[in-house]
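Residue numbers (the numbering used here), protein chains in the order written: chain U, 1 to 152; chain X, 1001 to 1152.
Read through the structure below, which is laid out as structure tokens, and then see the notes.
Number of protein chains: 2
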Amino acid sequence: MELLDRATAWSWLGSAVEEARTGLAEGGVPIGAALYGADGTLLGRGHNRRVQDDDPSTHAETAAFRAAGRQRTYRGTTMVTTLSPCWYCSGLVRQFGISRVVIGEAVTFRGGHDWLAAHGVEIVLLDDPDCVAMMRDFIGSNPALWNEDIGE
Amino acid sequence: MELLDRATAWSWLGSAVEEARTGLAEGGVPIGAALYGADGTLLGRGHNRRVQDDDPSTHAETAAFRAAGRQRTYRGTTMVTTLSPCWYCSGLVRQFGISRVVIGEAVTFRGGHDWLAAHGVEIVLLDDPDCVAMMRDFIGSNPALWNEDIGE
């Protein structure tokens, strides 16, 4: 797989951040994601819908994965997410052979991305201070909702 | 957590098998699951919906988890599934702290249940020949669909 240039990584993160902000405006958990194809095409994007749909199964990454529809292979695809993927979403990446994960931040929550790296997934951690600020504000104002979303 | 008696485990597996058979009758991947509460109440059940809804994100376990709706805690709950959970569904179990997984079979597919056991989840593997036969028939007749469902 070709190396991802930083400009593309940040531009893709922008799609995920837009999703997160949409979720926040809807009163939901502000985490967004987008799945990009090997050729750089946007396959699908989405955000956490726990509050909006009363649906604990729709994390941002699963929403983007669902929006992309059925694919014969995920080889070469990139999952972009505003936050380090939890075990559920890390399991999704590993099972379906998604090749790369671009992560906005892993400061407010550290999921399974080291495990993914150990299993051959390329991890690009952007350490975006805006993503950190968005989650920090959200968690500070909604600690119970946040704990529910990560099963704690 | 109390030890699960075999009669209860097999009765719970029956709900998951019913779901799998419903999925098969719909032309889908025949894997079913059910989530039971700590008190033995059925919280939700469902089956794989890749074909029916064109939705790669709905594995049996995620369908049951979604059907159960938002829960404050999953402590003491049991995920019952006809087939060893893939990494995606194993990640779900680990992230949300589901305490126990009852598995119909792990012969036709071996997912992440050893990993779950290593992380403190109680695993009850029933080795049900009917579950094995159902998956073996399905995989034999639909190898491409099956490979798609597990990302291979």
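Glycine is no exception: its CB is placed at the ideal position from the N, C-alpha and C atoms.
Taking C-alpha positions only, U:Arg-21 is separated from U:Asp-54 by approximately 19 Å.
Within chain X, no C-beta atom comes nearer than 9 Å to that of U:Phe-138; the closest sits roughly 17 Å away. Separation of U:Arg-75 and U:Leu-3 (C-alpha to C-alpha, rounded to the nearest whole angstrom) is 15 Å. U:Glu-61 sits close to U:Ala-33, with the two beta carbons spaced by under 7 Å. Judged by DSSP secondary structure, X:Gly-1014 falls within the alpha helix (DSSP H) whose first and last residues are 1006 to 1025. DSSP, read as helix, strand or coil, puts U:Gly-46 in strand. Listed as beta-bridge partners of U:Glu-61 by DSSP are no residues whatsoever. The C-beta of X:Met-1001 has fewer than 16 other C-beta atoms within 10 Å across all chains shown, which makes the residue exposed. Sequence-distant Cβ neighbours of U:Arg-50 in its own chain, meaning closer than 6 Å and more than five residues away, are Val-29, Pro-56, Asp-149. Taken in chain order, the members of the stretch 126 to 150 of chain U whose beta-carbon sits within less than 8 Å of a beta-carbon on chain X are Glu-148, Ile-150. DSSP, read as helix, strand or coil, puts X:Leu-1003 in coil. U:Arg-100 counts as buried, since no fewer than 16 other beta carbons sit within 10 angstroms of its beta carbon. The Cβ of U:Ser-90 sits closer than 7 Å to at least one Cβ of chain X. Residue range 87 to 96 is occupied by the alpha helix (DSSP H) that includes U:Val-93. If only complete runs of 3 or more residues are kept, the stretch 1105 to 1135 of chain X shows the beta strand (DSSP E) at 1122 to 1125, in order along the chain. Around the CB of U:Ser-84, 16 or more other CB atoms lie within 10 Å, so the residue is classed as buried.
For the stretch 1035 to 1064 of chain X, the beta-carbon criterion of a distance under 7 Å to any beta-carbon of chain U is satisfied by Arg-1050, Asp-1054, Asp-1055, Pro-1056, Ser-1057, Thr-1062.
Burial of U:Asn-48 is indicated by the presence of at least 16 other C-beta atoms within 10 angstroms of its C-beta. Going by DSSP, U:Ala-144 is part of the alpha helix (DSSP H) stretching over 143 to 149. Excluding residues up to 5 positions away in sequence, Val-1080, Val-1102, Gly-1104, Leu-1126, Asp-1128 lie with their Cβ nearer than 7 Å to the Cβ of X:Leu-1013 in the same chain.
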